[in-house]
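Going down the list, the protein sequences come from chains A and B. The opening position of the first sequence corresponds to residue 36 in the working numbering, with each subsequent residue numbered one higher. The opening position of the second sequence corresponds to residue 391 in the working numbering, with each subsequent residue numbered one higher. All C-beta atoms, glycine included, are put in the ideal place defined by N, C-alpha and C. One structure is given below, encoded as structure tokens.
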Amino acid sequence: SQTIHQWPATLVQPVGSPLSLECTVEGTSNPNLYWYRQAAGRGLQLLFYSVGIGQISSEVPQNLSASRPQDRQFILSSKKLLLSDSGFYLCAWNLKGPTEAFFGQGTRLTVV
Amino acid sequence: GEDVEQSLFLSVREGDSSVINCTYTDSSSTYLYWYKQEPGAGLQLLTYIFSNMDMKQDQRLTVLLNKKDKHLSLRIADTQTGDSAIYFCAERGYGGSQGNLIFGKGTKLSVKP
């Protein structure tokens, strides 16, 4: 069966520090991978999606970047965090074609 | 562009029915989804409906789709306190983002005992 792992679950980082959130998927191959952010009191915002290794599309300009070094690994990074980067980050995957997405448990990032 | 709209809050009494509404703009959407998010957790798929269907029922959940008006609703019968959560409507089309899911902002359902 397919599973998605996202870590860490919570993170408190100072302004200006780097960030690396990791997401891995098991039990499938060549998935679409997504990073979403959910700011307090707001809905989901798509940050990045990837249809294959090394292929990253950015939906909104921002302080973050994403990479997909392996087929089932998706990494969200920042060189210098801003206060506005605080939020709940969700990784998700789905197969090509009209199928539902499966979400990780999320990472609560607080930038102080 | 693609957009999904939902009301932000809904409050019901335990045992009543809840109806959460959603409108979308992408007429090429093939699947429409309802996700549930409990506090501090990721999203969990509740149900989905294919765009050539008008209705789908799954135990206490009923999904209605009006494709002409681009309106989707989720009805929860006999709402329980455990149904308190944020409910997200999402569409998946074949637009410029190669079929990624577009989510609404979520409806926070509060169930009062």
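| Item | Value |
| --- | --- |
| Measuring only the C-alpha atoms, how far is G486 of chain B from L99 of chain A? | Low confidence applies to G486 of chain B: its pLDDT is 42, below 50, so where it sits in the model is not reliable, and the reading given next is rough at best. Answer to the nearest angstrom: the Cα atoms are 21 angstroms apart. |
| Show which residues of chain B have a CB atom less than 7 angstroms away from the CB atom of A75 of chain A. | Ordered by position in chain B, no residue passes the 7 angstroms Cβ test against A75 of chain A, which lies about 12 angstroms from the chain. |
| Note the first and the last residue of the continuous beta strand (DSSP E) segment covering T134 of chain A. | First-last for T134 of chain A: undefined, no H or E at that position. |
| Anything in chain A within Cβ reach of L462 of chain B, meaning under 8 angstroms, just list it in chain order. | Per Cβ cutoff of 8 angstroms: no residues; L462 of chain B is ~15 angstroms from chain A at best. |
| Can you tell me the Cα-Cα spacing of V147 of chain A and Y84 of chain A, whole angstroms? | 27 angstroms |
| Return the chain-ordered list of same chain residues with a C-beta closer than 8 angstroms to the C-beta of R482 of chain B, the five sequence neighbours on each side being excluded. | S419, T420, Y421, L422, Y423, G489, N490, L491 and I492 |
| Answer yes or no: do G472 of chain B and G141 of chain A have a C-beta to C-beta separation smaller than 9 angstroms? | no |
| For G485 of chain B, decide whether its Cβ has a neighbour in chain A, counting only Cβ atoms nearer than 9 angstroms. | Residue placement at G485 of chain B is flagged as unreliable, the pLDDT there being 47, under the threshold of 50; the coordinate-derived value follows with that caveat. So, not an interface residue. |
| With contact counted as at least three CB pairs below 8 angstroms, one residue from each stretch, are the stretch 64-82 of chain A and the stretch 404-419 of chain B in contact? | no |
| Taking the beta carbon of S113 of chain A as the centre, do at least 16 other beta carbons fall within 10 Å, making it buried, or is it exposed? | buried |
| Kindly identify the DSSP beta-bridge partner or partners of A74 of chain A. | Note: A74 of chain A sits in no beta bridge, so no partner. |
| Using 9 angstroms as the limit for Cβ to Cβ distance, is Y425 of chain B near chain A? | yes |
| Taking only beta-carbon positions, decide if A480 of chain B is within less than 9 angstroms of chain A. | yes |
| How about F200 of chain A and G432 of chain B: do their beta carbons lie closer than 9 angstroms? | Limits of chain A in this structure are 36 at one end and 147 at the other, which puts residue 200 of chain A out of reach. |
| For the beta strand (DSSP E) containing L54 of chain A, name the first residue and the last one. | L54 to E61 |
| State yes or no: is the beta carbon of F109 of chain A nearer than 9 angstroms to at least one beta carbon in chain B? | no |
| To which residues does DSSP link R143 of chain A through a beta bridge? | A:T45 and A:F123 |
| Quick one: is V453 of chain B buried, meaning 16 or more other Cβ sit within 10 Å of its Cβ, or exposed? | buried |
| Less than 9 angstroms separating the beta-carbons of Q80 of chain A and V60 of chain A? | no |
| Would you kindly work out how many angstroms separate the C-alpha atoms of S463 of chain B and F399 of chain B, rounded to a whole number? | 14 angstroms |
| On the criterion of 16 or more Cβ atoms from any shown chain inside 10 Å, does P53 of chain A qualify as buried, or is it exposed? | exposed |
| Might you give, ordered along the chain, the residues of its own chain that have their beta carbon closer than 8 angstroms to the beta carbon of T103 of chain A, omitting 5 neighbours on each side? | Here residue 103 of chain A is Arg; the residue named in the question, Thr, does not match the sequence. Within the same chain, R103 of chain A has close Cβ partners L68, S85, G87, I88, G89, Q90, I91, F109 and I110. |
| Can you tell me whether DSSP reads G472 of chain B as helix, strand or coil? | helix |
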